[in-house]
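Taking full-length UniProt numbering, the leading residue of the sequence shown gets 1, the next gets one more, and so forth.
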Amino acid sequence: MASGNAIRGSRVGAGPMGEAERGESAPRLRISFWCANGHETKPSFASDAQIPDTWDCPRCGFPAGQDEENPPAPPRTEPYKTHLAYVRERRSDADGEAILAEALAKLRGEI
1 MASGNAIRGS RVGAGPMGEA ERGESAPRLR ISFWCANGHE TKPSFASDAQ
51 IPDTWDCPRC GFPAGQDEEN PPAPPRTEPY KTHLAYVRER RSDADGEAIL
101 AEALAKLRGE I
């Protein structure tokens, strides 16, 4: 039967002591990035780290830049192409007619 103690498996003072055990944290910089939708993101970087030119917006996924007035353009998404669309890119109508005529001749037993 369970006792009234809500915290099982731990005791007072068992956890980490904070910075005394972990050491000093590195100095940080918070840099603002803006996406094309106007969302602002402020990731934290170590002060000696190289800051990237773009950062992915966590709200919409668009690339974000440090210039609020001129954010990077959103990526252009290509529409889904069917197999037939790819075939039409590779073959002309004349090629298609020739292949169709050859296949029909095979089915009719003419070849």
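Backbone N, C-alpha and C define an ideal beta-carbon position, used for all residues, glycine too.
All values derive from a computational prediction rather than experimental measurement.
Rounded separation between residue i and residue j - CA only
i      : j     : result
Trp34  : Phe62 : 9 Å
Lys106 : Glu78 : 38 Å
Reference residue i, options the options, closest by Cα
i     : options                      : result
Glu40 : Ala46, Lys81, Glu69, Ala101  : Glu69
Pro74 : Trp55, Arg88, Val87          : Trp55
Asp67 : Pro52, Tyr80, Pro79          : Pro52
Gly65 : Leu107, Ala36, Ala103, Pro58 : Ala36
Leu29 : Gly38, Pro43, Gly23          : Pro43
Gly45 : Ala94, Ser25, Leu100, Gly109 : First, the residue type needs correcting, since residue 45 is Phe and not Gly in the sequence shown. When only C-alpha atoms are compared, the closest one is Ser25.
Paired residues, beta bridge with residue i - DSSP
i     : result
Glu40 : Trp34
Leu29 : Phe45
Asp93 : Its beta-bridge partners do not exist; DSSP assigns none.
DSSP state of residue i mapped onto helix, strand, coil
i     : result
Gly65 : strand
Same chain only: Cβ atoms within 8 Å of residue i, ignoring 5 sequence neighbours per side
i     : result
Ser47 : Ala26, Pro27, Arg28, Leu29
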